[in-house]
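All remarks here apply to the structure that follows.
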Amino acid sequence: MERTWERGYFGEEDGEMVSRTSNAAAFLGDTKDRGPPGQSQTWRSGEKVPFAQTHSLRAFEKPPQVQTQALRDFEKHLNDLKKENFSLKLRIYFLEERMQQKYEASREDVYKRNIELKVEVESLKQELQDKNHHLDKTWADVENLNSQNEAELRRQFEERQQETEHAYALLENKIQLLQEESRLAKGEAARMAALAEAEKECNLELAEKLRSATRDRDDAPGGQGEPDGYAEALAQRDRRIEELRESLAAQEGRLEQLSQEKQHLLRLLEERAQVQPMPKELLIQQRLNSSDMAETQQSDSHLAELQEKVQQTEATNKMLQEKLNEMNHELKSAQESAQKQDSAIQNLRETLQSRESETEELYQVIEGQNETMAKLREMLHQSQLGQLHSSEAASPAQQQVALLDLQSALFCSQLEIQKLQRLLRQKERRLADANRCVRFAEAAAGEKEQQMEASRKHNQELQKALQQLQGELQNKSQQLHTLEAEKYNEIRTQEQNIQHLNHRLSHKDQQLQEFQELLQYRDSSDKSLEAQDVLLAKLRQRVQDRAVALERAIDEKFAALEEKDRELRQLHLAVRQRDQDLERLRGVLSANEATMQSMESLLRAKGLEVEQLTATCQNLQWLKEELESKLSHWQKEHESIIQQLQTSLHDRNKEVEDLSATLLCKLGPGQGEVAEELCQRLQRKERMLQDLLSDRNRLAVEHEVEIQSLLQSMSARERGDLDTIAGLEKELSNAKEELELMA
Numbered sequence: 003m004e005r006t007w008e009r010g011y012f013g014e015e016d017g018e019m020v021s022r023t024s025n026a027a028a029f030l031g032d033t034k035d036r037g038p039p040g041q042s043q044t045w046r047s048g049e050k051v052p053f054a055q056t057h058s059l060r061a062f063e064k065p066p067q068v069q070t071q072a073l074r075d076f077e078k079h080l081n082d083l084k085k086e087n088f089s090l091k092l093r094i095y096f097l098e099e100r101m102q103q104k105y106e107a108s109r110e111d112v113y114k115r116n117i118e119l120k121v122e123v124e125s126l127k128q129e130l131q132d133k134n135h136h137l138d139k140t141w142a143d144v145e146n147l148n149s150q151n152e153a154e155l156r157r158q159f160e161e162r163q164q165e166t167e168h169a170y171a172l173l174e175n176k177i178q179l180l181q182e183e184s185r186l187a188k189g190e191a192a193r194m195a196a197l198a199e200a201e202k203e204c205n206l207e208l209a210e211k212l213r214s215a216t217r218d219r220d221d222a223p224g225g226q227g228e229p230d231g232y233a234e235a236l237a238q239r240d241r242r243i244e245e246l247r248e249s250l251a252a253q254e255g256r257l258e259q260l261s262q263e264k265q266h267l268l269r270l271l272e273e274r275a276q277v278q279p280m281p282k283e284l285l286i287q288q289r290l291n292s293s294d295m296a297e298t299q300q301s302d303s304h305l306a307e308l309q310e311k312v313q314q315t316e317a318t319n320k321m322l323q324e325k326l327n328e329m330n331h332e333l334k335s336a337q338e339s340a341q342k343q344d345s346a347i348q349n350l351r352e353t354l355q356s357r358e359s360e361t362e363e364l365y366q367v368i369e370g371q372n373e374t375m376a377k378l379r380e381m382l383h384q385s386q387l388g389q390l391h392s393s394e395a396a397s398p399a400q401q402q403v404a405l406l407d408l409q410s411a412l413f414c415s416q417l418e419i420q421k422l423q424r425l426l427r428q429k430e431r432r433l434a435d436a437n438r439c440v441r442f443a444e445a446a447a448g449e450k451e452q453q454m455e456a457s458r459k460h461n462q463e464l465q466k467a468l469q470q471l472q473g474e475l476q477n478k479s480q481q482l483h484t485l486e487a488e489k490y491n492e493i494r495t496q497e498q499n500i501q502h503l504n505h506r507l508s509h510k511d512q513q514l515q516e517f518q519e520l521l522q523y524r525d526s527s528d529k530s531l532e533a534q535d536v537l538l539a540k541l542r543q544r545v546q547d548r549a550v551a552l553e554r555a556i557d558e559k560f561a562a563l564e565e566k567d568r569e570l571r572q573l574h575l576a577v578r579q580r581d582q583d584l585e586r587l588r589g590v591l592s593a594n595e596a597t598m599q600s601m602e603s604l605l606r607a608k609g610l611e612v613e614q615l616t617a618t619c620q621n622l623q624w625l626k627e628e629l630e631s632k633l634s635h636w637q638k639e640h641e642s643i644i645q646q647l648q649t650s651l652h653d654r655n656k657e658v659e660d661l662s663a664t665l666l667c668k669l670g671p672g673q674g675e676v677a678e679e680l681c682q683r684l685q686r687k688e689r690m691l692q693d694l695l696s697d698r699n700r701l702a703v704e705h706e707v708e709i710q711s712l713l714q715s716m717s718a719r720e721r722g723d724l725d726t727i728a729g730l731e732k733e734l735s736n737a738k739e740e741l742e743l744m745a
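Put into structure tokens, the structure is as follows:
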């Protein structure tokens, strides 16, 4: 990338560097100690600790064999910095030259840019001096490294001891916390068991209430307030079940936390067992193992109890769920029976209303019949009185009797008509009742379908919850299996350690017995030659055994030392390779940061160019609008002037014609030449006026053409500016994409 970048700023013949001016050598001589501007920004922004300081800190941890390699790396890094400094000097020079060629009109900006570059170069000089100073410091630190290694090792040993003590304290605190949490878990499980018992009792009470309610409803239909109470009781029971589920989830989370804490404690115990010194390791580990065994047994017992309680709670939840389903079924049946009773009550009310209406109609008919009977009686009474007063009135009496017969027949026909009307109304009522029953049956069927869908959804949700609970139980069983495997492995390691300790103890007991026998032989008063020979043989055998054991121990120590030396060499090689990889990665990172910095500077420059182009476009647009307004104003003025001139010319022509007519009338025969001369002068003036008008028109046309050409050039320039802006935007987007890819 560096070569391609330099080709853009060097000459155009095959990428060769061509000096453009004669003052290149002077510029390079003046900027001999300048540093790279891109790297200073990246070091300031990206790295919080200087490079030399990181190397000095790394030198504290390296042995003397790696110090020479670190110094070589420092020298190599300085050479690379010098090379990059020289290449950046060339870049700065050609950038300045190119900026001078490109922006000759804006010399002030170039001057400011040169000042900024010089300031950056001075800052880079200062940074280079600081780095040289840091390198000197690292050299002094490397010289003093041998004297400081011992103090560092002691300090590290003390820190390790403090860390072990702190780990002991943390472990004790965590063990206490685990014990408290186990006690709390026991109390929570007991509380859950009590809640489950209370829930059982509540369920039994609710079942009894439902049975009593069904009995009461069978005995006395019409109660409407009791289902609401049952619904509230069922809602309370559902809330209680949700609370139990939440408490169960909390218990499971607490169990997971306890298992995680246990794993963390086991990990800490393993780390502490590795950190502890060798002589005290076995005894302390035995004690800790015994205490850990007791704690693990307690935690296992707590876990088993909690698992049993969880299983019990799950069983109780299942039982409660079954009871809930039964109670829901009973509630649905009770609701159906209540709906049936309501429908029966509604039918009875409607029949009562119809019977009441029929009785009212019958009362009205009876009243009408009574009225007609009263009228007939009055008529009969009047007819009888008439018969008594006059016996001659026989024929009207017969007529009245016939009239009464007709009235009675009419009355019977009216009664039949009313009877038929009553039958028709009864049939209409029955038809309305049948329609109402059909609608009620359809509504009940729709409600049953809705209830079936709700129950199906509820069953699906319960199945999903059951599957989730089964998955959680499987996960917990797997976790328990893993914990049991870990415990089994720990127990095996502890048994092996105990066997090793027992072996050592038996060996020490044997040695103590031998020493006691030696002391007894030495303290005995009757020392015989045979006893002394036996004692000497035992001592020789013991010396030989000790010699063999020492040789074996020495061989083992030498083998261990050789293995440690081999591991140290491998570690040194790995550290060296890691340092080389880190240096290579730092170089790549610095190159990437330099390219990113250059791309950012290019982006800023392109952004400034875009802003300048937008400003020029706005200025050109404003000029175009001003010119258009001036052109329109000038055209209006020109048209008004032409109109005025034409009117004045027309008036003058009329005046001239009038004057010529008057003069011709007034002049005599000898004055015709004067009149002709005046006419010629007037014609010349007219021609002059016409020439002036044509010149004015020609100038106006030329001015319009010039304005149109200016407008066309401005529009072409605007199009070019827009094209350049689009190209710059494309370049900016490409540069951003490259930056994102590089990042």
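Using our numbering, the first residue of the sequence shown is number 3, and each one after it goes up by one. Idealized CB from N, CA, C, for every residue including glycine. As the structure is a computational prediction, the values presented were derived from the model and not from experiment.
query                                                                                                     : result
V545 versus E553: straight-line alpha-carbon distance, rounded                                            : 12 Å
Cβ neighbour criterion (16 or more within 10 Å) applied to V590                                           : exposed
Helix, strand or coil at N621 [DSSP, three-state]                                                         : helix
DSSP state of N146 mapped onto helix, strand, coil                                                        : coil
Cα-Cα separation, E248 to G473                                                                            : 17 Å
Nearest-angstrom beta carbon gap, R424 and E363 [assumed within contact, 8 Å]                             : 6 Å
Short Cβ contact (9 Å threshold) for E708 with Q637                                                       : no
Three-state secondary structure (DSSP) of T726                                                            : helix
Cβ neighbours of E585 in the same chain (closer than 7 Å, five flanking residues each side left out)      : D75
F96, buried or exposed, once every other Cβ within 10 Å from all chains shown has been counted against 16 : buried
Distance between E627 and T616 (C-alpha atoms, nearest Å)                                                 : 16 Å
Environment of R93 [buried if 16+ CB atoms lie within 10 Å]                                               : buried
Contact under 9 Å by Cβ, L622 with R719                                                                   : yes
C-alpha gap between E532 and Q515, whole angstroms                                                        : 20 Å
L629 beta carbon less than 9 Å from that of L713                                                          : yes
With 16 other Cβ atoms within 10 Å as the buried cut-off, status of A596                                  : buried
C-beta neighbour in chain B for R185, strict 9 Å                                                          : Looking at the structure shown, chain B is missing, and only one protein chain is on hand.
Residue nearest to E86 in terms of C-alpha spacing, selected from K120, G448, S592 and E310               : S592
Beta-carbon spacing of L119, E98 below 9 Å                                                                : yes
Beta-carbon separation (whole angstroms), Q71 vs R578, contact threshold 8 Å                              : 6 Å
Distance, L625 Cα to R100 Cα                                                                              : 31 Å
Nearest-angstrom beta carbon gap, K608 and E739 [assumed within contact, 8 Å]                             : Going by Cβ atoms, the distance from E739 to K608 rounds to 14 Å, so no, they are not a contact pair.
Exposure of V123, with buried meaning 16 or more beta-carbon neighbours within 10 Å                       : buried
Residue of E497, K133 and V536 minimising C-alpha distance to E77                                         : K133
Status (buried if at least 16 other CB within 10 Å, exposed otherwise) for K91                            : buried
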